[in-house]
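Residue numbers (this note's numbering): 492 to 1064. Notes follow once the structure below has been shown.
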Ligand code: ARG
């Protein structure tokens, strides 16, 4: 099915081009009305075309409104303000459109969707348990993936794990000196974390430790078999731990090409950088300088010959284009890496093919913690697993109070879904570039703009359908007859039909919070409707059927929207 805005735009183009005898199609923009009184949609065409047409906006608007041909879609047009046109849609038209929901696929062919995009997200650094710093990348990246796929874009997901670098020298020193074998067997990642922290503490007093770490790292880089074995072991242990979290979040990656995967490709890239004079020797290191002084120089090879983060990203860019045949790449990391990506994208441009293709750095702000206290909290690291466990625990308490009769294992499942959904929703409902403060009250509140509120709205609808099942009600051959209804039903119907517009907007800005806001608004409309109208008890069968259908379409849209945020729904809670 075509998006409402596209349908209206087409109609306006036809009319306007005829009236003004010229093609103005690309000047016509159809917006949601900001207020109910302004109709369902608005256009500012008369304002933006005034110079082109050589008439004042009001004249243009009047001409359009009076000469617009009769049609099946628009009920009436009204001139507003200096030259806006308010658009009111016909109820019969809305009826027809609403019925298509769930039965017809959206037509997104007006977008450029015939492409392959790689999304680089989550990407934690090995040998440290995944902590909250990676939460946002994981959750935001996953949602962006879902949104692009929904539009029909081919997406490749790559977890670019930090599996190479100085931390391995330190871990190997710690392993060889202070490892407690029995703890390591029981809780390998915990023990790795412990020796890593221990290293930092001890190195403050004993500077020779840093020297040992460097020499262990060097041995690893030169292929020393013992160190290679340890390195592999650390990676395996960490991935096992990460995968537990990904499983709980319902996230899968196509690839886990970490930094080390690109080791062999780096010498060749350095050679090219040097030969083409893009990188220059500077105090023994190899450095790329940039024209604008805004961007600091990027080191691509250290004095000791080792490669850097930037070097591996250059190799990654090349590999993705040549081997994975991507058209675009999206990187999701916190905003502190802005310079890094500006630098490597810039070097990509200098290098040209195959490095030079569309790349976007999707940034997000810091997440701070307000009232988060954990029993098992170690050091200053807030662990994602603890966060998920705590959310689950708190949701389960609510279920125990509200619905004690649900079987225990179902309660657990529901609590897990609502709990992790609440954390995801909290993250995704924020404008991603802002810093946010996490408090349980904001995350788990059953009222307000939260995951649980949306889940609860969905569950409400599911309970209507459980009751309908008992009376063997079927929706087949039922109609939504909005003529029989007043404001709130119509408003809800229009809102449901707007869903794909918001998905497109979220795609264009790579901001999932646009979908979250839409879902919240729609859920509020539904709850208004639910609280002010009878549904099951309504006596007029036509009105009753229409309301039931509207509830069903609302559930469909809520579920689909939450899915784009990576959130599953439950049928009761
Ligand atoms: N491992 C890095 C970190 O935790 C993020 C990697 C992002 N992706 C990339 N291609 N550089 O900071």
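Glycine included, each C-beta is placed from N, C-alpha and C at the ideal position.
The C-beta of residue 732 has 16 or more other C-beta atoms within 10 Å across all chains shown, which makes the residue buried. Residue 942 is not a Cβ neighbour of residue 978, given a cutoff of 8 Å.
The Cβ-Cβ distance between residue 585 and residue 1042 does not fall below 8 Å. Judged by beta-carbon spacing, residue 634 lies within the 8 Å limit of residue 1056, meaning their Cβ atoms are closer than that value. Counting the other Cβ atoms within 10 Å of the Cβ of residue 658 gives 16 or more, which makes it buried.
When secondary structure is reduced to three states using DSSP, residue 849 falls in the strand class. Residue nearest to residue 1015 within the set 1038, 948, 605, 933 is 948 (criterion: CA-CA distance). Per the Cβ contact rule, the stretch 623-631 is not in contact with the stretch 663-672 (fewer than 3 Cβ pairs under 8 Å). Rounded to whole angstroms, residue 990 and residue 581 show a C-alpha spacing of 19 Å.
For residue 621, the secondary structure class from DSSP, reduced to helix, strand or coil, is coil. Spatial neighbours of residue 926 in its own chain (CB-CB distance under 8 Å, excluding positions within 5 residues in sequence) are listed in chain order as 856, 857, 858, 859. Distances from the alpha-carbon of residue 982 to those of 963, 1012, 501 put 1012 closest. In this structure, the beta-carbon distance from residue 919 to residue 1059 does not fall below 8 Å. For the pair residue 810 and residue 757, the CB atoms are not nearer than the 8 Å cut-off. Remark: fewer than three beta-carbon pairs, one from each stretch, lie closer than 8 Å, so the stretch 766-780 and the stretch 602-609 are not flagged as touching.
Closer than 7 Å to some heavy atom of ligand 1: that does not describe the Cβ of residue 856.
Assigned with DSSP and collapsed to three states, residue 600 falls in coil, not helix or strand. The beta-carbon separation of residue 751 and residue 654, rounded to 5 Å, stays under the 8 Å limit for a contact.
The C-beta distance from residue 1040 to residue 969 rounds to 6 Å, short enough to meet the 8 Å contact threshold. Per the coordinates, the alpha-carbon of residue 676 lies some 29 Å from the alpha-carbon of residue 699. Spatial neighbours of residue 1017 in its own chain (CB-CB distance under 7 Å, excluding positions within 5 residues in sequence) are listed in chain order as 948, 983, 1045.
Following the DSSP letters along the chain, one finds residue 811 inside the alpha helix (DSSP H) bounded by residues 800-813. Distances from the CB of residue 653 to the heavy atoms of ligand 1 include at least one below 7 Å.
The stretch 793-812 and the stretch 833-851 touch, with three or more beta-carbon pairs separated by less than 8 Å. By the 16-neighbour rule on beta-carbons within 10 angstroms, residue 533 is buried. Residue range 1032-1055 is occupied by the alpha helix (DSSP H) that includes residue 1049. Taking a C-beta distance under 8 Å as the contact criterion, residue 510 and residue 567 do not qualify as a contact pair. Within the stretch 912-997, the runs of beta strand (DSSP E) that reach at least 3 residues and sit entirely inside it are, in chain order, 927-929. The beta carbon of residue 508 is closer than 8 Å to those of 514, 515, 516 in its chain, skipping five residues each way along the sequence. Residue 589 places its beta carbon 8 Å or farther from that of residue 578. When rounded, the separation of the alpha-carbon atoms in residue 496 and residue 601 is 12 Å.
Secondary structure at residue 746: strand, using DSSP grouped into helix, strand and coil. Nearest in C-alpha terms to residue 861, of all of 831, 931, 883, is 931. Within the same chain, and ignoring the five residues on either side of residue 530 in sequence, the residues whose Cβ sits closer than 6 Å to its Cβ are 524, 577, 578, 579. Under the three-state reduction of DSSP output, residue 653 falls in the strand class.
Remark: the C-beta of residue 734 is outside contact range of ligand 1, defined as less than 7 Å to any heavy atom.
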